[in-house]
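Since the structure comes first, as structure tokens, the remarks are kept for the end.
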Amino acid sequence: VDRLAAPAQAASAATGIPARFIIGQAALESGWGKREIKNNDGSSTHNVFGIKATSDWTGKTASAVTTEYVNGKPQKVVEKFRAYDSYEDALTDYASVLKSNPRYAPVVEASRDAAGFAHGMQKAGYATDPQYAKKLISIMRHIA
Numbered sequence: 085v086d087r088l089a090a091p092a093q094a095a096s097a098a099t100g101i102p103a104r105f106i107i108g109q110a111a112l113e114s115g116w117g118k119r120e121i122k123n124n125d126g127s128s129t130h131n132v133f134g135i136k137a138t139s140d141w142t143g144k145t146a147s148a149v150t151t152e153y154v155n156g157k158p159q160k161v162v163e164k165f166r167a168y169d170s171y172e173d174a175l176t177d178y179a180s181v182l183k184s185n186p187r188y189a190p191v192v193e194a195s196r197d198a199a200g201f202a203h204g205m206q207k208a209g210y211a212t213d214p215q216y217a218k219k220l221i222s223i224m225r226h227i228a
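Take any residue in the sequence shown, count from 1 to its spot, add 84: that is its number in our numbering.
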């Protein structure tokens with residue numbers, strides 16, 4: 085969490101989303117840093133948000149097994165994720181994704197409280213876990 089504080093402040097300034105919400109989401113997506121997505125050589129991708137590499141992504145990628153919920157049931161699948169050179173780059177891209185993707189505009193507007201942010205991210209389809217908002221709210225309560 086400490087190593088994300090400064091980049092989270094920068095992402096907060098860019099998006100208007102409070103830094104503790106950003107850090108909370110990174111904590112949820114990475115299992116408090118214990119389940120970071122790795123490159124083939126075992127090094128970190130710095131992708132603490134689980135941002136997938138969609139067809140428009142031209143940067144580095146890494147493939148990893150992840151759990152996706154299909155019709156409410158968890159399934160293990162291999163997905164391509166974005167890879168970054170640093171946590172700063174990852175948080176800058178996270179801010180860019182939230183600002184540039186129209187489906188996240190309501191999230192940015194509703195990010196004045198933890199519940200609004202969490203439910204907004206779930207409704208916008210950030211994750212397939214039906215309990216995503218509940219888990220995110222719980223984590224954000226532990227971050228000052």
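Note that CB positions come from ideal geometry on N, CA and C, so glycine has one too.
- Task: Between the Cα of S147 and those of N124, D169, N185, spot the shortest distance and give me the residue it belongs to.
- Result: N124
- Message: Between L220 and A94, how many whole angstroms is the CB-CB distance? I'm expecting something under 8 Å.
- Response: Incorrect: roughly 21 Å between the Cβ atoms, too far for contact.
- Item | Contact belief for I121 with F165 at Cβ below 8 Å, rounded distance in angstroms | 5 Å
- Query: Since E163 is in the alpha helix (DSSP H), which residue starts that stretch and which ends it?
  - Reply: First-last for E163: 157–166, but that is the beta strand (DSSP E), not the alpha helix (DSSP H).
- At what residues does the alpha helix (DSSP H) containing T176 begin and finish? 171–184
- Cα-Cα, which of A90, E163, F105 is closest to V191? F105
- Item | Reduced DSSP secondary structure (H/G/I, E/B, other) of E120 | coil
- Where does the unbroken beta strand (DSSP E) through T145 begin, and where does it stop? 145–154
- Task: Kindly indicate the opening and closing residues of the alpha helix (DSSP H) around T99.
- Result: 89–99
- Query: When DSSP builds the beta bridges, which residues end up paired with K218?
  - Reply: In DSSP, K218 forms no bridge with anything.
- Are the Cβ atoms of H130 and Y171 separated by less than 8 Å? yes
- Message: Taking 7 Å as the cut-off, is the beta-carbon of P158 closer than that to any non-hydrogen atom of the ligand ATP?
- Response: Absence of the ligand ATP from the depicted structure is noted, as is the absence of any ligand whatsoever, leaving it without description.
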